[in-house]
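I have placed the structure first, in the form of structure tokens, so that the comments after it can refer back to it.
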Amino acid sequence: MADPDLDFQTGESGASATYPMQCSALRKNGYVVLKGRPCKIVEMSTSKTGKHGHAKVNLVGIDIFTNKKYEDMCPSTHNMDVPSIKRIDYQLVNINENYMSLMSDNGDIREDLRVPDNEVGKEIESKFEAGEEFMVSLVSGSYLNEFSYILYLSAPT
Amino acid sequence: FYHRALNPLILSLKKAPPSMVSTEQRQHAEHVFLSFRKSKSPFAICKHILETSKVDYVLFQAATAIMEAVVREWILLEKTSIESLRAFLLTYVLQRPNLQKYVREQILLAVAVIVKRGSLDKSINCKSILLEVGQLISSLSPTVPPVLYALLTYSLYCSLTHEDGLRQIFMMTMEVLQEFSRRENLNAQMSSVFQRYLALANHVLSWNFLVVLLPLLLFLLLFMLLLALTGGDSLGRHYIAMFEATQNVTLKPTESWREALLDTRVMDLFFTVHRKIREDSDMAQDSLQCLAQLASMHGPVFPDENAQISYLAHLMEGLLSMINGIEIEDSEAVGISNIISNLITMFPRSILTALPSDLFTSFINCLTLLTCSFGRSAALEEVLDKDDMVYMEAYDKLLESWLTLVQDEEHFPRGCFVQPAIQVFNSYIQCHLAAPDGTRNLSVNGISSHDEEEINELQEDDRELFSDQLSSIGMLGRVAADHCIPLLTSLLEDRVTRLHGQLQRTQQHLMASSDLGSVDRKVLDDLYEDIHWLILVSGYLLADDPQGETPLIPSEVMEFSIKHSTEVDINTTLQILGSPGEKASSIPGCNRTDSVIRLLSAVLRTSEVESRATRANLTELLSPQMGKDIVWFLRRWAKTYLLVDEKLYGQISIPLSTAFGADTEGAQWIVGYLLEKVINNLTVWSSEAELAYDTVELLVTLVEKRERANIVVQCESWWNLAKQFASRSPPLHLLSSSVQRTLMKALVLGGFAQMDSDAKQQYWAEVLHPLQQRFLNLINQENFAQISQEEAVKQEIVATLEALCGIAEATQIDNVASLFSFLMDFLSSCIGLMEVYSNTPETINLIIEVFVEVAHKQICYLGETKSMKLYEACLTLLQVYSKNNQSRKRSDATAEEDQYQDLLLIMELLTNLLSKEFIDFSDTDDVFRNQDQGTPASNRTVSAADVVLYGVNIVLPLMSQDLLKFPSLCNQYYKLITFICEIFPEKIPQLPEDLFKSLMFSLELGMTSMSSEISQLCLEALSPLAEQCAKNQEKDSPLFIATRHFLKLVFDMLVLQKHNTEMTVAAGEALYTLVCLHQAEYSELVETLLSSQRDAIIYQRLADAFNKLTASSTPPTMDRKQKVAFLKSLEEFVANVGGLLCVK
């Protein structure tokens, strides 16, 4: 396996599934765990209670797997969990009985992923049939023994 | 035809109740009326309808038709028939007092429009109108029907074009007011009439005598008054607001008003009237506004100074007896403060000082009491959270007046403002301190309210929100420095001691229970709020914050310090200054210290208590707001006092120069202390973005001036900070990106301080080289492409890019040479990153932002060879951006504006590059002389025009019409393309065909379907293009053909379409250059237009108008004088022809 962290067969999250970060250091477009779900931060604002209160951070995030929206508020000094998110780009070499052959930049091939049953999957198939050259990006994260991945397409580099 | 069509309609409408009329019938009726209104010369039939019909709606339509037709056919109509039409309408209204309001209003509007149009060519005879109205007024009975009032306003309107008439109206109004004011009891009806006269008088006095002929204002005034007839509905109020926005004028009547206005009875009358009606808040506003206008009177109406003095004296006496005799109503506060503010602003100081001194003193005393009282009421309004803050507005006005008075202090008797200043200052402090010393948050019954509301990040800080008030209070504090500086010091020292004690007690409490929730924050919050206001007032008192120039120690503060310097023990003063950890009162001899330094010491003591609390892990108990106040004060103070330059002052205080002068231990100690404070704050307060930002701004202040920076770089902690930041180790990496950026800026600025060359080399090795090294190590890793998307790597890259922006921001003329070279090395690597991060828009934006900043801060200093390097880099950036964009998918339908940030940044970059054509400080690479032997200019490879046009090539295809709906994108885009047309018109013909076409399409779109601002920009771009064509003489070039198309567009716009009058000038200039270029086509356009006219009269009038238009400029040449003449005749042309061509 090219990357041990990306072992989808076992789905063990291990200790490095998340790491803590001070709330104020989070950034829009970064990742955070909201209500137990790994999310991409789409909105961040601050407020305080009373003129002499301390800042609180209001966060809105989109679950990276389910696209559900989550909101949370937290004192800006507190630490929040940030999920470990990985992204790897692959070139699609072949599709065999609904399983993709993906080649990473250093030439490793993996064939353990199905073409997903969604819009992206359809696009992958049609582009592949048309012989277009494109990359498949794999974003994965694991949290609370749950693992998942999303795929999206990008231009060839 | 219409008669026949309308009659059955009218009949059916009359019979059927509205609910019975079907939609179809209504649509049909509307259609008939609509085409009826467009028909030619409907005057006779309209008159007939008005005289015979009983249906209000039909009457309304007839009036509308008259109004529209008369404007449309103005130049076709005989003046006498217009006159008789006007007379008809007026008599019609007068004879029918029972007309529906909306019908009456519409008819009067028609009259108003006729008069307005008439005022353009002076065809209305004001005298005769006045006469008519005068007769009506002489028969005035106490029960004036409202319609007479309308007449009055109407005649007022007419007379406005005629100043004599205005005065007559004024005199008549005065008589009526006099009559009313004599009556004991007014019934409701009479009082309503009375109110209208009062409003009328107000409008006369508010009239700006200089703009009397401005038709727009006239029209607004009339329309507003007409609407007032209907009882001032919301539409009316809307117009009133519009009117008031344009009318905030002072009274400057001509000499002919002397007799009328200098008559003391006039002013007395207004005071009497006000006393009578002051309980009615609407009327009181009018009468007070009249008085405020009288208080602003100036100009030739006064024959000499004596007249002015006695006028002002009379006004003041009236005002004082009015104020002293009453308890002021809420609704009077603003009006009264306007009167005072006007008279203080408008009357020369010599007149004020020439007043009898008793009178002046009572005026100042009265003003003092009033200010304090309004201040207290304003504080109450805040506690009650009222929507309408009338006392706050009035208080602001009065404080502003104090500022005006005190700034001219030298004209007045010495010290005459000291006591008043003390009172106003004390009352301000009192209102802002908690009980028992103050009254903050106390409502009327003495109960204090304390609620914790949610405050979002958009709310402005008090120091900005109340900056006007604070400036005035600070200024008054300087005037009474003897009282105010020691007062602030003792209050602040007291609060800090209490804060210290309270924190200690809380700490003990926590040791026992360790539950933060059990801490009562009320006591702490009250102390924080007290300290907050005390520090703000101290900051505004001790120093100004002028933008751009070096702030000076205020002369009052300097004098105060000098005056007491003989009683001061400098050593004790320095001891207290240097011991912020100690209570000042615990130091022996603390009564003999310099008060100015002692006030700073009190703030430093606050700062020290705060810092120690953070070290004791009590940060959660502290107030970030107070933290902001402290660094804000220290920054403002440091700019003015630190390393005070004796050369800038005539006299210098020894304590101040001993404590803060150059080469003093005091100054070194303070720099060190401030630096420690900054470092502590950045460590402790990383979670409070605003506080961290204020802190890092203090750091910038310390290093942006070379002299201060020289001391800063001698401090070890500075070097530690630099190392810590460069290694990106905690806690500095927790700071928000804008703070990190500014921190980098400060670190770079510090690097240009005086150091020996070893130290300097070492410094850069500590600060900039790690940045470069880490960056290069990272991107040169073999597997960079693979790891590039890892969060940690991304963060490192983002941090580097932020730092680069910070470095660019640190650019100054004397460091641009080295910074430019340093940044240039990065720029090419950044371009490489564009590929790697093509899927992370936020990183792409940041990369472009680096280029934007470099161009923004440096291009104006760069000589030819350096500029070219930058152009080349930008060009490569654009090429990569363009390549990546071709495959980039943008989700269009739901896209938000910020998804197009990259486009906006690219356009900003291009505009910045173009700005070199306007602002250029470079002197053939002068600043680079030592390192640059220079490539000869002939080798020039890339020019600004190339880069910009290439960029436009990328941007243009992406700027869809949908994107232009985003205002920021639209403005930046049109700014850019207009710039290009103006700066490089010669490049436009060389553009590739597609690009050229879309550029021309953009211009057309901008001209025809965007806001008037954009449309104006596009029109301005046309002249340089046409001039370019004239130079080239190529008759079949695409640009030549395009300009021909624009000729038609601009022609249609001016002649056939309704357009904004503001645009007539821009469109006229464009039209003129285009006409010069395409004379034959222009004649053709005119011919075509004329030949389409079947009516011989219209044909002739049009032909005449066109002849007149070009008469002064035949043959048209691109000559300024001719152009001006053309523009002048164009105005007349547009007025005459505009409506004519819209006739069906």
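These protein sequence lines are chains A and B, in that order. Each residue of the first sequence is one higher than the one before, counting from 7 in the numbering used here. Each residue of the second sequence is one higher than the one before, counting from 277 in the numbering used here. Backbone N, C-alpha and C fix where the C-beta goes; we use that ideal spot for every residue, glycine too. Note that the coordinates shown come from a computational prediction; the quantities given were computed from them, not determined experimentally.
Within the stretch 897-921 of chain B, the residues whose Cβ lies closer than 8 Å to any Cβ of chain A are, in chain order, Ser899, Pro900, Gln901, Met902. According to the DSSP assignment, Glu843(B) belongs to no beta strand (DSSP E), since it is labelled neither H nor E.
Secondary structure at Thr55(A): strand, using DSSP grouped into helix, strand and coil. Within chain B, no residue has its CB atom less than 8 Å from the CB of Asp78(A), the nearest being about 16 Å off. Residue state for Val1413(B) is assigned as helix, using DSSP reduced to three classes. With respect to the C-alpha of His574(B), the residue from Glu531(B), Ala609(B), Ser1219(B), Ala756(B) having the closest C-alpha is Glu531(B).
For Glu555(B), there is no enclosing beta strand (DSSP E), as DSSP marks it with neither H nor E. Within the same chain, and ignoring the five residues on either side of Glu1193(B) in sequence, the residues whose Cβ sits closer than 6 Å to its Cβ are Ile1259. Using beta-carbon distances, Cys29(A) counts as an interface residue toward chain B, with a partner under 9 Å. By the neighbour-count definition (other C-beta atoms within 10 Å, threshold 16), Ser1064(B) is a buried residue. For Lys798(B), the closest alpha carbon among the candidates Thr24(A), Leu119(A), Gly56(A), Asn124(A) is that of Gly56(A).
Taking 8 Å as the upper bound on Cβ-Cβ separation, chain B lies near residues Ser53, Lys54, Thr55, Gly56, Lys57, His58, Gly59, His60, Ala61 of the stretch 53-72 of chain A. Within 9 Å of the CB of Asn112(A), the CB atoms of chain B belong to Asn1059, Gln1062, in sequence order along the chain.
The three-state secondary structure of Cys692(B), taken from DSSP, is coil. Spatial neighbours of Glu980(B) in its own chain (CB-CB distance under 7 Å, excluding positions within 5 residues in sequence) are listed in chain order as Leu1025.
Comparing alpha carbon positions, the residue from Gln1155(B), Phe1127(B), Val1156(B), Ser317(B) closest to Ser1143(B) is Phe1127(B). Secondary-structure assignment with DSSP links Asp78(A) through a beta bridge to Leu65(A).
The beta carbon of Pro81(A) sits closer than 9 Å to some beta carbon of chain B.
Setting aside the 5 residues that flank it on each side, Val1362(B) is surrounded in the same chain by Phe1382, each with a C-beta closer than 6 Å to its C-beta; the list follows chain order. The Cβ of Ser107(A) sits no closer than 9 Å to any Cβ of chain B.
Following the DSSP letters along the chain, one finds Pro26(A) inside the beta strand (DSSP E) bounded by residues 24-28. The closest CA to that of Glu1407(B), considering only Pro1391(B), Asp1395(B), Val1331(B), is found on Val1331(B). For the alpha helix (DSSP H) assignment, the uninterrupted runs of no fewer than 4 residues enclosed by the stretch 1276-1311 of chain B are, from N- to C-terminal side, 1288-1308. Between the alpha carbons of Gly601(B) and Cys642(B) lies a distance of about 12 Å.
Residues of the stretch 789-811 of chain B that bring their beta carbon within less than 9 Å of a beta carbon in chain A comprise Arg797, Leu800, Asp801, Tyr804, Glu805, His808, in sequence order. For Glu832(B) and Leu1252(B), the gap between their C-alpha atoms comes out near 49 Å. Closest by C-alpha distance to Leu803(B), out of Thr773(B), Leu361(B), Asn1247(B), Asp1270(B), is Thr773(B). Burial check for Ser90(A): the Cβ neighbour count within 10 Å reaches 16 or more, so the residue is buried.
Secondary structure note for Leu119(A): its beta strand (DSSP E) is the uninterrupted segment 115-120. Of the residues Ser329(B), Ala968(B), Leu974(B), Leu1019(B), the one whose Cα lies closest to the Cα of His60(A) is Ala968(B).
With contact defined as three or more Cβ pairs closer than 8 Å, the stretch 1070-1090 of chain B and the stretch 40-58 of chain A are not in contact. The DSSP-derived three-state label of Arg43(A) is strand. Checking the DSSP bridge columns, you'll see Pro89(A) partnered with Thr24(A). Only residues of its own chain outside the window of five on either side were considered, and among them Ser82 have a CB closer than 6 Å to the CB of Ser30(A), listed in chain order. Rounded to whole angstroms, the Cβ separation of Leu897(B) and Ala889(B) is 7 Å, and the two are in contact under 8 Å. Rounded to whole angstroms, the gap between the alpha carbons of His759(B) and Leu810(B) is 15 Å.
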